[in-house]
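Numbering (the numbering used here), first residue to last: 1 to 386. Glycine residues also receive a C-beta, built at the ideal position from the N, C-alpha and C atoms. These numbers were taken from a predicted model, which means no experiment stands behind them. Working notes for the structure below.
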């Protein structure tokens with residue numbers, strides 16, 4: 001948090017210096033200029049600047065690519081109706097250059113508006129384009145997950161329609177990057193499978209299982225089936241998807257830091273986030289500030305975050321460290337980052353890379369988070385920072 005504040009201070013100081021040197025800040029004259037300036041900013045500043053610039057322009061005053069830039073500005077500013085207006089005007093011109101790009105943005109707008117009928121129409125149009133790429137797949141996959149989240153069977157139909165493009169994207173990634181392409185492609189496929197996870201919660205369990213069967217059948221029939229790395233990533237995604245919707249597997253600790261001994265049964269009635277982490281995992285540590293905010297904001301409403309870790313036998317460069325010394329290091333880590341939630345130290349085992357508690361949650365990388373509802377059901381399971 002200190003680092004973020006310092007960065008913001010430097011950015012503000014830089015803008016003050018520029019203003020002092022030029023005498024004034026230069027306002028963008030066109031939506032395209034504004035969009036370029038917005039994209040120069042850090043993520044946390046972009047939306048605010050987009051709101052400022054969006055108020056300077058009206059859709060009826062512009063045409064061609066300026067309308068596309070304006071649609072982007074409005075969407076980022078949260079002015080979804082105006083974004084829809086600008087993009088619709090752009091697409092009404094048969095001479096414009098970036099039809100696919102405009103449709104992709106419009107799809108994101110409709111998803112944000114929860115206008116799923118319109119979103120489906122745009123998605124189907126995009127998928128009908130020859131050789132569509134990742135920039136189309138990303139919002140379409142988002143739509144699959146959104147539809148699944150409301151229990152719509154359109155999620156499964158759209159998933160099936162998207163599979164050829166997902167496989168084509170996977171093949172391309174593997175060819176471009178033999179070392180990491182399989183992992184990147186697998187992550188995209190796994191992301192699409194999240195639709196099945198959500199559908200399992202709100203829709204028909206049988207249809208959810210059918211989604212996986214359709215996926216597996218087509219994966220095995222594709223040339224990608226011989227890629228072991230890709231198959232492994234997808235297998236993990238499917239295994240994790242099957243955890244969502246079941247009663248939360250129990251977790252036990254050999255040590256508890258900053259929290260009493262507990263069990264999943266005793267936590268019913270609360271919303272639980274299990275944050276599977278390790279003291280040596282930098283992305284895990286980087287998430288502490290965000291998790292602290294959540295715990296402080298929602299703790300009084302029943303949220304309980306639990307950091308789940310295990311003994312790894314090392315601390316920093318030191319190997320063969322005793323459990324007592326590693327426990328001390330975990331306590332120091334928690335103090336150093338002023339962590340607002342407790343740690344549960346799971347028993348370690350030769351066949352459990354991240355501790356026994358991680359096994360039933362199919363934890364294969366860190367950080368991984370599991371969200372458990374008040375009834376004790378797993379609602380969400382995701383690997384990676386978010």
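Task: Cα-Cα separation, residue 96 to residue 379 - done: Answer to the nearest angstrom: the Cα atoms are 43 angstroms apart.
- [ ] Kindly confirm or deny that the segment 228-246 and the segment 334-344 touch, where touching means at least three C-beta pairs closer than 8 angstroms.
- [x] Too few Cβ pairs lie closer than 8 angstroms, so no.
- [ ] Please determine, among 50, 42, 43, the residue with the shortest C-alpha to C-alpha distance to residue 28.
- [x] From the listed residues 50, 42, 43, the smallest Cα separation to residue 28 is found for 50.
- [ ] Within 10 angstroms of the Cβ of residue 433, are there 16 or more other Cβ atoms? Answer buried if so, exposed if not.
- [x] For the chain, the structure presents residues 1 to 386; residue 433 sits outside this window and is missing.
TODO: Taking all protein chains shown into account, decide if residue 108 is buried (16 or more other Cβ within 10 angstroms of its Cβ) or exposed.
DONE: Label assigned to residue 108: buried.
TODO: Along the alpha helix (DSSP H) that carries residue 140, what are the first and last residues, could you check?
DONE: For residue 140, the uninterrupted alpha helix (DSSP H) segment begins and ends at 134-149.
TODO: Would you kindly work out how many angstroms separate the C-alpha atoms of residue 43 and residue 280, rounded to a whole number?
DONE: Approximately 27 angstroms between the Cα atoms of the pair.
TODO: May I ask you to list the residues that DSSP assigns as paired with residue 343?
DONE: Within the DSSP secondary-structure output, residue 343 pairs in a beta bridge with 257, 307.
Task: Local conformation of residue 376 per DSSP, three classes - done: Of the three classes helix, strand and coil, the one that applies to residue 376 here is coil, per DSSP.
Task: In DSSP terms, what residue 319 is bridged to - done: DSSP lists 314 as partners of residue 319.
- [ ] Please list, in chain order, all residues of the same chain as residue 359 whose beta carbon is under 6 angstroms from its beta carbon, the five residues on each side excluded.
- [x] So the list reads 352, once near-sequence residues are dropped.
TODO: Would you kindly check if the distance between the Cβ of residue 69 and the Cβ of residue 31 is under 8 angstroms?
DONE: Judged by beta-carbon spacing, residue 69 lies within the 8 angstroms limit of residue 31, meaning their Cβ atoms are closer than that value.
Task: First and last residue of the uninterrupted alpha helix (DSSP H) at residue 288 - done: Boundaries of the alpha helix (DSSP H) around residue 288: 288-298.
Open item on the list: Is the beta carbon of residue 144 closer than 8 angstroms to that of residue 162?
Closed with: Yes, they are a contact pair.
Task: Residues bridged to residue 273 (per DSSP) - done: Within the DSSP secondary-structure output, residue 273 pairs in a beta bridge with 305, 371.
Task: Exposure of residue 275, with buried meaning 16 or more beta-carbon neighbours within 10 Å - done: With 16 or more other CB atoms across the displayed protein chains lying within 10 angstroms of its CB, residue 275 is buried.
Open item on the list: Please state the DSSP three-state secondary structure of residue 121.
Closed with: Here DSSP, grouped into helix, strand and coil, assigns residue 121 to helix.
TODO: Find the nearest neighbour of residue 120 within the set 153, 135, 99, 101, judged by alpha-carbon distance.
DONE: That would be 153, whose Cα lies nearest to the Cα of residue 120.
TODO: Look up residue 381 in the DSSP assignment and say whether it is helix, strand or coil.
DONE: In the structure shown, residue 381 sits in a strand (DSSP, three-state: E or B).
TODO: Would you mind working out which of 316, 60, 250 sits nearest residue 376, comparing C-alpha positions?
DONE: Of the listed residues, the one whose Cα sits closest to residue 376 is 250.
Task: Through-space distance from residue 124 to residue 102, alpha-carbon basis - done: If you take the alpha carbons of residue 102 and residue 124, they lie about 14 angstroms apart.
Open item on the list: So for residue 328, helix, strand or coil by DSSP?
Closed with: Reduced to three states, the DSSP call for residue 328 is helix.
Task: Cβ neighbour criterion (16 or more within 10 Å) applied to residue 23 - done: For residue 23, the pLDDT reaches just 42, beneath the cut-off of 50, and the residue's location in the model is therefore unreliable, leaving the point undetermined.
Task: Three-state secondary structure assigned by DSSP to residue 247 - done: Correct three-state label for residue 247: strand.
Task: Beta-bridge pairing of residue 352 - partner residues as DSSP gives them - done: Per DSSP, 349.
Open item on the list: Taking the alpha-carbon of residue 278 as reference, which of 299, 126, 75, 369 has the nearest alpha-carbon?
Closed with: Considering only alpha carbons, the answer is 369.
Task: Cα-Cα separation between residue 38 and residue 46, rounded to whole angstroms - done: Near 5 angstroms, if we compare the C-alpha coordinates of residue 46 and residue 38.
Task: Length of the line joining the Cα atoms of residue 165 and residue 238 - done: Rounded to whole angstroms, residue 165 to residue 238 spans 19 angstroms at the Cα level.
Open item on the list: For the alpha helix (DSSP H) containing residue 337, name the first residue and the last one.
Closed with: Counting along the chain, residue 337 falls outside any alpha helix (DSSP H), and DSSP gives it neither H nor E.
Task: Candidates 118, 302, 356, 292, of which the one nearest residue 267 by Cα - done: Of the listed residues, the one whose Cα sits closest to residue 267 is 302.
Open item on the list: Comparing C-alpha positions only, which one of 54, 87, 66 sits nearest to residue 76?
Closed with: Nearest Cα to residue 76 within the set 54, 87, 66: 54.
TODO: Just mark residue 286 as buried or exposed, buried being the case when its beta carbon has 16 or more other beta carbons within 10 Å.
DONE: Looking at its Cβ environment, which holds fewer than 16 other Cβ atoms inside 10 Å, residue 286 is exposed.
Task: Alpha-carbon to alpha-carbon, residue 41 and residue 304 - done: C-alpha separation (whole angstroms): 34 angstroms.
Task: Through-space distance from residue 104 to residue 247, alpha-carbon basis - done: In a straight line, the C-alpha of residue 247 is about 38 angstroms away from that of residue 104.
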